[in-house]
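Remarks on the structure that follows.
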Amino acid sequence: MSPQSDDFFADNDDLRFYVDHWIDWARLASEVEYKGFSEALADEGEGYATVGEAREFYGEVLQLAGQLAAGEIATRAADIDKAELHLEDGEVVFPEGLTAIFDTFAETGLHGMCVPREFGGMNAPLMVYFLASEMFARADVSVMAHFGFHGGIAMALLVYSALEGTATVDKDGGGIVDCRFADAVRDIVENAEWGSMDITEPGAGSDVGALHTKGVQDADGNWFVTGQKIFITSGNGKYHIVLARTESAADPDDPMGGLGGLSLFLVEAWSEDDDGNRQRTVTISRIEEKLGHHASATVAVEFENSPAQLIGKRGEGFKLMLLLMNNARISVGFEGLGVCEASLRMAKAYAAERMSMGKTIDKHEIIADYLDEMQTTVEGLRAICVDAAFNEELAQRKRLRLLYMAPDDPDEKKALEREVKALAWKSRLNTPLLKYLAAEAAVEMSRKALQIHGGFGYTTEYGAEKLLRDALVLPIYEGTSQIQSLMATKDALQFILKDPGAFVRRLAQARFDARFASGPRVRRVAGLRLNVMLAQRNLMMRIAGKKAAGLRGRPVMEWRKGFVDEWDMRSDFAPALLHAERLTQMMVDLRIADALHTQAKSFPERGDILDRHLERAEPRSRFLLDQIRTTGDRLLATLRGEPESAAAAAR
């Protein structure tokens, strides 16, 4: 087997393309460095003299992350996978190697990578964190997952404080200088504490509205949380962001029932007395025994009248949680990308050395095709990862600027509002596609890496089986792949419903571009777009046909209301829900093609990556379109409980 790289940043040309050439660091830095750029700020350690200096620092952080990933994490990955986490006096005990890794992180200050300087952090863009996460995940996903619950929770608390209006902002110098959760943020940065996101409960996984954990307020206005949460990653930490029910409703249609009755809380799991003894208010009841992610503490926690702080307002819990979840899903995208990169590297290294029938197996056609497809997937996935992270970060930072430092000029303010809305919409469209592809690709690629290793892949010698074990959870947590596809499909079709005429015009343009646009790449990308829109049109026509049939017997004057306003996602959109994953796969291929095509316009050498992607995406798109057009009616008829004759007629 080829020797392990000693730097996961330096050895990755595609990653460095984004850092050196593609990411608009100037635009990110202008948002992050809210005080601007000057020699005086640089001399005082409060900023940089130029954008170039900021960009140089971001590169240095990524170089450090790449070296730590290769030298500190990857070298210990096998050992910490085999070591067991265990409970001792109610506390999770880490293996020695994992403790050593996070001691190093604490020494380097990486837990405060994106935290503002006022709170002891490095004040780097979130983009730097995401790119570092890819390298950490390539080394070991357990470490990457736990790392995210240090700085990630600190940043979430800062954002929540800003959104609820409890942050102090220096409007002259710009930026948050204090906030309601400042002590927790500094504790995470300075003392390497961490937190968790506590959502899942027994019987309430994807169905968030079914949560039973309660938040109760006493006569003095103090809040307390009671309930059980399970599958909580890094739930052995101090700071728990907990989703709990505060409102009840007898009527299931009451807006304060279901999701509308949820609120968000910060619960500190323990306090310390004067002698430093820990007094727990949150109990760890067990450590989950998992197939993979062995070095990541996934626990069940019990809240029993645990003192809590309400975040935001009552009933805003689900909305606020989505802000945290969106970042978490992008983070999982980079985690999946890291697993894909590790799988590709492992498979290529083994195939280049394994002899069979007179040549190394990377020269055998089937294996060569596997490796080519894996590389194409990694490069396409990285393209949409970076785009999604960029749009999400700008959307969040500009939203806060709009809240605290909105332009005085009305026209400038309206322009900023439009920009925030556009960025948020892009992020909303990209995130489920990114999370879907990253999770599914990680499983597929780690499976191929194991297969390429043959019998050795089934042993623990090379680590291929570990990659597969670690990858299998990615399509499950932070929203299953099926939830991501449903979200992406719902948004796409509801966008059509808002302006059907615009959709028809875009469809006509896509049809024209696919045949007559200048340049073969433009036509091929347009062909993918046309297939996506044809699939969407097919689904909308089937939905509309069923909806129109339901209007029979109603007065003509009520038809418009029934057809335009009265939509039920659970029943009216059944054909789309059935084909959601197929449509999502088509939209993912188009999104990658668009991203790579944009790159190729400025960097012609990127055209080869686009061509390889199109070579695989085009036949896949045609196949999925055919499936959407020709299948599903029989199954839907059966699900509706229609007689066998009706189901047969639908075939």
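Heads up: the sequence shown runs through residues -9 to 641, numbered per this note's numbering. Note that CB positions come from ideal geometry on N, CA and C, so glycine has one too.
- Residues E108, T158, D160 of the same chain have their beta carbon placed closer than 6 Å to that of V167, with the five preceding and five following residues left out of the count.
- Minimum Cα-Cα distance from Q(-6) among the listed residues G37, A152, D69, A332 corresponds to A332.
- Three or more Cβ pairs drawn from the stretch 322 to 330 and the stretch 121 to 141 lie within less than 8 Å of each other, which places the two stretches in contact.
- Excluding its 5 nearest sequence neighbours in each direction, E430 has C-beta neighbours in its own chain below 7 Å: P465, S471, listed in chain order.
- Among the bridge pairs identified by DSSP, E78 is matched with E81.
- Under the Cβ criterion (8 Å, minimum of three pairs), the stretch 387 to 399 does not count as touching the stretch 441 to 450.
- DSSP places H443 outside both helix and strand once states are collapsed to three, so it counts as coil.
- Contact between S275 and I222 is absent: CB atoms are separated by about 11 Å, not below the 8 Å threshold.
- Around the C-beta of I178, 16 or more other C-beta atoms lie within 10 Å, and the residue is accordingly described as buried.
- For K72, the three-state secondary structure derived from DSSP is helix.
- Between the beta-carbon of Y340 and that of K438 there is about 12 Å, and that puts the pair past the 8 Å contact cut.
- Counting C-beta pairs closer than 8 Å gives three or more between the stretch 595 to 612 and the stretch 570 to 579, which meets the contact rule.
- Remark: C-beta atoms of L518 and A583 approach each other more closely than 8 Å.
- With a 10 Å radius around the Cβ and a threshold of 16 neighbouring Cβ atoms, D460 comes out buried.
- Rounded to the nearest whole angstrom, the C-alpha separation of E595 and G509 is 16 Å.
- Taking the Cβ atoms as the reference, V272 lies roughly 6 Å from V257, within the contact range of under 8 Å.
- Assignment of I466 by DSSP, reduced to helix, strand and coil, places it in the coil class.
- Annotation for G185: the continuous beta strand (DSSP E) segment containing it runs 185 to 188.
- Of the residues L427, L371, N316, R344, the one whose Cα lies closest to the Cα of N381 is N316.
- Beta-carbon to beta-carbon, G323 and L424 are separated by about 4 Å, close enough to satisfy the 8 Å threshold.
- Residue pairing from DSSP leaves D601 without any beta-bridge partner.
- For D14, same chain residues with a beta-carbon under 8 Å away, outside a window of 5 residues either side, are F380 in chain order.
- Between the beta-carbon of H603 and that of T366 there is about 6 Å, and that keeps the pair under the 8 Å contact cut.
- The bridge partners DSSP lists for T158 are D168.
- For K204, the pairing in a beta bridge is given by DSSP as T216, R235.
- In this structure, DSSP gives L254 an extended state, which the three-state scheme calls strand.
- Within the DSSP secondary-structure output, I301 pairs in a beta bridge with L254.
- Taken through DSSP and simplified to helix, strand or coil, I351 comes out as helix.
- The shortest CA-to-CA distance from G469 to any of V494, L390, M311, L625 is the one to M311.
- Leaving aside the five residues that flank E571 on each side, the residues in its chain whose CB is nearer than 6 Å to its CB run, in chain order, S475.
- At a Cβ-Cβ threshold of 8 Å, G227 and E183 count as neighbours.
- Assignment of alpha helix (DSSP H) within the stretch 569 to 613, counting only whole runs of 4 or more residues, yields 570 to 592 in chain order.
- Just so you know, the alpha carbons of W415 and G535 end up roughly 29 Å apart.
- When the five nearest sequence neighbours on each side are left out, no beta carbon in the same chain lies closer than 6 Å to the beta carbon of D489.
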